[in-house]
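For the sequence shown, the numbering used here begins at 1 and goes up steadily by one.
Beta carbons: idealized from backbone N, C-alpha and C, even for Gly.
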Amino acid sequence: MRATSSVIVGRDAEIRLLEAALESVGKGAGRAVFLVGEAGIGKSRLAGGSALRAYDRDMPVLRGRATSTGLVVPFRPLVEALSSRFRAAGAPDDPELQPYRPALAGLVPEWRTGAAAPGYTISLVELAEALLRLLAVLGRERGCVILLEDLHDSDTETIAVVEYIVDNVAELPVLLIGTLRPDPGPALDLALAAELRNTASLRELGPLDGNSVRDMAAACLDVVPGDVPPAAHRHLSQWAGGNPYLVEVLLADLLDTGRLSRADDGWQLAESGEATVPTGAVRSWARRLDRLDEPVRELLLVAATLGGRFSVGALRVVTGLDDRALFAHLRSASEVGIIAPDGAAHDHYTFRHALTADALKASLPPAEQAALARHAASVIEGSRELLGDQRQLVATLLLAAGDKEAASRQFAQVGRQLLDAGASGSAAVLLERARGLAADTERDEVTVQLAIAQAESGRLDEAAALLDDLPPAPAGSRAAEERAQAHTQVAWVATMAEQKEEARRRIRAARTLLGTAPRPEQEAALTVVEGHLALLPEQDCRGRAPMGRGGEDGRGRREEAERSARGAALTAEQRGRPVVACQAWQLLAMLSRERGFDQADACLERMLAVAEEHRLAVYRAEALVRLGTNAFMRTGEATRLETARTAAHELGSLALIQAVDGFLAMQSVLSGRWDRARGILEQSVEASARLQNLATHRYLLLVDATLAAHQGRARDQERALLRFRRAGGEESMLVPLQRGLCQAVGALMAEDRERANAELDAALAWELEHPSFFYLSGRYGLGPLLQVLDGEDAGRRAYREALASPGGKLAWNQMFLGMADAVLRGRDGDPDGAQRAVEQAGRAATVFPQAWHLALRLTAEAALADSWGEPVAWLRTAEEYFHEAGVPPVAGACRAVLRQAGASVPQRRGGRERIPASLRTAGVTPREYEVFVLLAERPGNQQIAQTLCISPRTVEKHMASLMTKTGAADRSALCALSAECADL
Numbered sequence: 001m002r003a004t005s006s007v008i009v010g011r012d013a014e015i016r017l018l019e020a021a022l023e024s025v026g027k028g029a030g031r032a033v034f035l036v037g038e039a040g041i042g043k044s045r046l047a048g049g050s051a052l053r054a055y056d057r058d059m060p061v062l063r064g065r066a067t068s069t070g071l072v073v074p075f076r077p078l079v080e081a082l083s084s085r086f087r088a089a090g091a092p093d094d095p096e097l098q099p100y101r102p103a104l105a106g107l108v109p110e111w112r113t114g115a116a117a118p119g120y121t122i123s124l125v126e127l128a129e130a131l132l133r134l135l136a137v138l139g140r141e142r143g144c145v146i147l148l149e150d151l152h153d154s155d156t157e158t159i160a161v162v163e164y165i166v167d168n169v170a171e172l173p174v175l176l177i178g179t180l181r182p183d184p185g186p187a188l189d190l191a192l193a194a195e196l197r198n199t200a201s202l203r204e205l206g207p208l209d210g211n212s213v214r215d216m217a218a219a220c221l222d223v224v225p226g227d228v229p230p231a232a233h234r235h236l237s238q239w240a241g242g243n244p245y246l247v248e249v250l251l252a253d254l255l256d257t258g259r260l261s262r263a264d265d266g267w268q269l270a271e272s273g274e275a276t277v278p279t280g281a282v283r284s285w286a287r288r289l290d291r292l293d294e295p296v297r298e299l300l301l302v303a304a305t306l307g308g309r310f311s312v313g314a315l316r317v318v319t320g321l322d323d324r325a326l327f328a329h330l331r332s333a334s335e336v337g338i339i340a341p342d343g344a345a346h347d348h349y350t351f352r353h354a355l356t357a358d359a360l361k362a363s364l365p366p367a368e369q370a371a372l373a374r375h376a377a378s379v380i381e382g383s384r385e386l387l388g389d390q391r392q393l394v395a396t397l398l399l400a401a402g403d404k405e406a407a408s409r410q411f412a413q414v415g416r417q418l419l420d421a422g423a424s425g426s427a428a429v430l431l432e433r434a435r436g437l438a439a440d441t442e443r444d445e446v447t448v449q450l451a452i453a454q455a456e457s458g459r460l461d462e463a464a465a466l467l468d469d470l471p472p473a474p475a476g477s478r479a480a481e482e483r484a485q486a487h488t489q490v491a492w493v494a495t496m497a498e499q500k501e502e503a504r505r506r507i508r509a510a511r512t513l514l515g516t517a518p519r520p521e522q523e524a525a526l527t528v529v530e531g532h533l534a535l536l537p538e539q540d541c542r543g544r545a546p547m548g549r550g551g552e553d554g555r556g557r558r559e560e561a562e563r564s565a566r567g568a569a570l571t572a573e574q575r576g577r578p579v580v581a582c583q584a585w586q587l588l589a590m591l592s593r594e595r596g597f598d599q600a601d602a603c604l605e606r607m608l609a610v611a612e613e614h615r616l617a618v619y620r621a622e623a624l625v626r627l628g629t630n631a632f633m634r635t636g637e638a639t640r641l642e643t644a645r646t647a648a649h650e651l652g653s654l655a656l657i658q659a660v661d662g663f664l665a666m667q668s669v670l671s672g673r674w675d676r677a678r679g680i681l682e683q684s685v686e687a688s689a690r691l692q693n694l695a696t697h698r699y700l701l702l703v704d705a706t707l708a709a710h711q712g713r714a715r716d717q718e719r720a721l722l723r724f725r726r727a728g729g730e731e732s733m734l735v736p737l738q739r740g741l742c743q744a745v746g747a748l749m750a751e752d753r754e755r756a757n758a759e760l761d762a763a764l765a766w767e768l769e770h771p772s773f774f775y776l777s778g779r780y781g782l783g784p785l786l787q788v789l790d791g792e793d794a795g796r797r798a799y800r801e802a803l804a805s806p807g808g809k810l811a812w813n814q815m816f817l818g819m820a821d822a823v824l825r826g827r828d829g830d831p832d833g834a835q836r837a838v839e840q841a842g843r844a845a846t847v848f849p850q851a852w853h854l855a856l857r858l859t860a861e862a863a864l865a866d867s868w869g870e871p872v873a874w875l876r877t878a879e880e881y882f883h884e885a886g887v888p889p890v891a892g893a894c895r896a897v898l899r900q901a902g903a904s905v906p907q908r909r910g911g912r913e914r915i916p917a918s919l920r921t922a923g924v925t926p927r928e929y930e931v932f933v934l935l936a937e938r939p940g941n942q943q944i945a946q947t948l949c950i951s952p953r954t955v956e957k958h959m960a961s962l963m964t965k966t967g968a969a970d971r972s973a974l975c976a977l978s979a980e981c982a983d984l
């Protein structure tokens with residue numbers, strides 16, 4: 001009989017934990033649980049029981065296991081988990097998953113036709129976010145469970161994805177269960193850290209106590225616990241050490257040898273003088289092997305040498321058996337419960353437990369183990385062209401045979417292949433293994449490759465330490481050139497991560513290694529990195545921008561940088577370095593914006609051509625995105641941005657899609673399509689944070705603040721700006737947009753002209769001290785208009801400078817400059833010219849309704865003063881727009897100017913729909929509600945009166961009425977209630 005227990009014993013607390021997690025997930029609250037314990041302690045059985053209970057609840061269950069063979073196979077547990085679900089149920093076709101299919105194509109075979117474009121490597125975080133979205137869709141109705149076993153054997157990519165899921169699963173209907181041994185390593189580090197962060201529960205499974213061992217034996221023998229022979233109970237407790245797997249192995253041995261047998265009066269254990277000491281269950285398995293036919297025994301020993309999971313093909317090659325004999329022996333081994341077909345791959349088998357393969361190998365003398373491994377490695381290596389996992393298997397066999405140097409070369413080759421494929425984490429693992437085994441003459445070369453893998457995995461400190469520890473190499477030698485290239489690659493990664501000092505250190509090291517006369521293509525690669533590095537903002541020790549980067553000196557540096565970048569681009573093209581060429585043209589596009597968008601677009605078109613010629617999908621999409629952004633800035637239209645988004649989607653880059661979505665959200669804000677902007681932000685802000693897409697995340701936070709500012713929602717603007725600052729926004733190149741496009745416009749929405757001018761001055765001061773490539777900061781449009789309205793002579797100069805600049809050609813700025821031109825013409829006694837300027841500005845403003853009505857409101861007072869245009873009609877139009885948009889200060893200001901002009905003023909008693917239900921029920925009027933909203937900031941009556949263009953006496957009446965209707969005891973309580981309502 002088979003000595004396996006049909007029930008789980010001794011794990012009541014853990015079962016309750018998993019049951020509670022299932023309940024939580026069914027209600028939409030995600031959980032992560034890690035089960036930790038030694039081999040055979042019952043982790044898989046406990047997790048499997050939870051999976052069965054999930055099946056009973058009609059929850060989708062995805063189940064995968066890491067390989068125990070020591071091979072590094074990126075994402076194997078995840079591929080197996082998804083296959084376990086989709087093989088039977090089919091892949092979901094939910095439209096919500098459409099943007100994520102390219103990222104998931106490597107895990108879901110059914111989606112391979114939508115895989116990422118050649119040349120683009122899906123980042124780990126992109127894949128993790130895509131998997132998280134997939135799990136959320138699968139669990140939308142009842143929740144879902146993903147069970148990943150033996151994480152201690154997982155590749156680093158899988159561990160990184162699991163960590164991402166654990167950190168972000170709380171608000172999704174997903175239960176993640178992971179099992180692992182308590183061995184030091186990334187998996188255990190992840191589980192312990194997640195427990196400390198309270199993002200996961202960790203339970204360490206200890207050995208079963210004596211009563212639980214008896215209960216388990218009773219379940220195996222199908223009797224009540226009291227009917228287990230005391231001698232058998234003592235035997236199992238003594239030698240199994242409370243390990244459930246060893247309990248079953250020892251019990252099976254007692255049954256197979258006949259020592260434990262069923263008699264008329266129950267089970268009996270025959271006395272024996274032999275002490276069965278299960279050192280890794282070796283003796284038990286040795287006896288079981290002896291009872292098998294010799295061909296089956298030999299096949300199992302070869303299989304164990306190949307690992308806990310083995311392919312039929314490898315086994316066929318090593319044993320030399322034909323298919324008929326091979327499968328007959330495999331069936332025999334399966335029937336006795338030693339191996340089983342691998343559910344994740346039709347041509348693989350696995351041992352029933354990882355300990356089984358180890359025990360079988362340990363039954364052979366060490367010399368015989370090494371000889372068998374050497375023979376297997378030789379046969380497999382000579383039989384075919386090796387793929388990555390096959391080469392790893394050969395390396396593992398060579399190591400088992402004692403040939404460390406040969407094993408190192410195999411591991412290094414697979415590591416380089418994985419690095420080229422973008423699996424930098426797994427590449428680092430294998431290259432680290434190769435480095436430890438390498439001969440002295442080969443170790444430095446492996447170290448260089450390992451440093452690149454560590455950098456591309458985001459571990460810049462480790463990469464730097466590896467490169468710095470290399471022994472000196474003569475300048476200009478082959479070794480020096482290889483190291484210089486590695487330093488350059490690490491410098492690029494550091495620049496993209498905004499680690500400026502580390503990037504500079506790598507550049508200096510590369511130049512030292514290359515000597516005084518590097519080859520042109522080497523100089524080009526370094527020049528491009530230096531150029532991109534120079535664009536990052538600098539700060540002094542107190543967090544302020546250093547002085548002296550503007551003026552003629554700064555302009556001279558930019559011109560020199562542009563010349564160097566152009567030379568690098570041409571050299572890279574001539575020398576066959578298309579990636580460097582694309583990076584150079586991208587840099588040139590930013591630098592040449594200062595002379596006009598035509599030149600910038602010409603650089604981007606060249607970048608696009610190089611990328612398409614060399615099939616560089618990433619740089620093709622980048623070029624399209626930047627061309628789309630420039631087109632949006634020129635015209636305000638988003639057509640080319642939408643085309644760029646399609647290209648990013650085809651590429652499979654979630655990070656690039658989010659970047660385009662950020663630009664589309666800003667375009668929606670400027671064009672007054674606020675609901676669309678809000679929809680994009682709701683979808684992208686948190687996702688970009690999870691993706692660690694820092695630059696885009698900052699931009700999206702700024703768009704969120706700009707949306708609130710343009711709608712006059714001051715408190716929401718400040719909340720969004722706080723998040724922007726915490727994300728490092730005020731140390732980024734977005735500061736001019738923050739001050740000019742967001743905060744200055746927000747001040748105008750509050751009718752605070754003085755604060756708006758201060759924000760625009762701050763934006764201009766920043767731009768004078770830093771390289772800046774944003775032209776919507778107010779410097780080229782809104783700022784000159786306000787200066788002209790203030791009647792300053794400086795206004796004319798600012799207007800002329802803006803008009804002559806590339807920024808003055810952008811549609812957003814043309815509108816404001818056109819109105820500034822109108823004001824100046826009207827002031828100079830040219831009313832017809834002023835009217836024509838307004839009409840021309842209006843044509844430029846067709847896609848910017850909010851900004852246009854703001855410009856009308858600002859310009860109307862000057863038109864009234866100088867008797868030109870149609871200021872009354874403009875004010876009425878602006879008043880209606882801002883009233884409907886829910887911006888009382890601007891609407892009120894328009895009404896006040898109309899009164900001053902002697903024009904009739906519309907009475908606005910609408911807007912009840914904006915009043916919260918509790919206040920409407922209390923009888924609060926729309927005008928009282930306008931006062932109530934302002935109280936959140938605790939202003940004085942005079943300030944409220946100025947904002948709403950009413951008298952302080954009227955404010956007092958509204959205050960008294962509000963306190964009566966709301967039941968507020970005093971003004972302070974009313975202000976507190978207003979703040980509370982604003983936070984809802």
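Annotated as proximal: Glu730 and Gln738, with beta-carbon spacing under 9 Å. Secondary structure in the segment 549-618: no beta strand (DSSP E) run of 3 residues or longer lies completely within the stretch. The segment 133-147 makes contact with the segment 56-64: 3 or more CB pairs, one atom from each, lie closer than 8 Å. Taking a cut-off of 8 Å on C-beta distances, the segment 418-427 touches the segment 449-462, as three or more cross pairs fall below it.
Listed in chain order, the alpha helix (DSSP H) runs fully inside the segment 150-182 are 156-168, counting runs of at least 4 residues.
Assigned with DSSP and collapsed to three states, Pro806 falls in helix. A contact between stretches requires three or more CB pairs, one per stretch, nearer than 8 Å, and the segment 146-163 fails this requirement with the segment 15-26. With three or more CB-CB distances shorter than 8 Å, the segment 648-666 counts as touching the segment 85-104.
9 Å or more divides the Cβ of Ala695 from the Cβ of Phe724. In this structure Gly628 is not in contact with Phe848, their Cβ atoms being roughly 18 Å apart against a cut-off of 8 Å.
Per the coordinates, the alpha-carbon of Gly902 lies some 25 Å from the alpha-carbon of Pro926. By the Cβ-count criterion, Gln574 is exposed, with fewer than 16 other Cβ atoms from all chains shown falling within 10 Å of its own Cβ. Beyond the five residues adjoining it in sequence on each side, Pro186 comes within less than 7 Å, by CB distance, of Thr156, Ile159 in the same chain, given in chain order.
Residue pairing by DSSP places Thr629 opposite no residue, since no beta bridge is assigned to it. Taking 9 Å as the cut-off, the Cβ atoms of Arg640 and Ile657 do not count as close. The Cβ atoms of Ala765 and Gly740 do not sit closer than 9 Å to each other. In terms of Cβ geometry, Val247 and Cys220 form a close pair [threshold 9 Å].
DSSP, read as helix, strand or coil, puts Ser684 in helix.
In this chain, the alpha helix (DSSP H) harbouring Ser83 covers 76-89.
In the three-state reduction of the DSSP assignment, Ser777 falls in the coil class.
At a Cβ-Cβ threshold of 9 Å, His710 and Gln814 do not count as neighbours. Annotation: the segment 192-233 contains the following complete segments of the alpha helix (DSSP H) (minimum length 4 residues), in chain order: 210-221. Here Gly415 is actually not in contact with Leu437; their C-beta atoms are around 12 Å apart, not less than 8 Å. Here DSSP, grouped into helix, strand and coil, assigns Trp267 to strand. Residue pairing for Thr350: DSSP places it in a beta bridge opposite Arg309, Ala340.
C-alpha of Leu514 to C-alpha of Glu171: approximately 52 Å in a straight line. The beta carbon of Arg391 lies closer than 7 Å to those of Gln410, Gln413, Val414 in the same chain, with the five residues before and after it left out. Rounded to whole angstroms, the separation of the alpha carbons of Gly313 and Thr305 is 14 Å. Of all alpha-carbon atoms in Val905, Cys949, Ala845, Asp866, the one lying nearest the alpha-carbon of Ala873 is that of Val905. With contacts defined by Cβ atoms closer than 9 Å, Val302 and Leu315 form a contacting pair. Ile15 sits in a helix when the DSSP states are folded into three classes. Out of Val379, Gly266, Tyr245, Ala191, the CA that lies nearest to the CA of Pro225 is found in Gly266.
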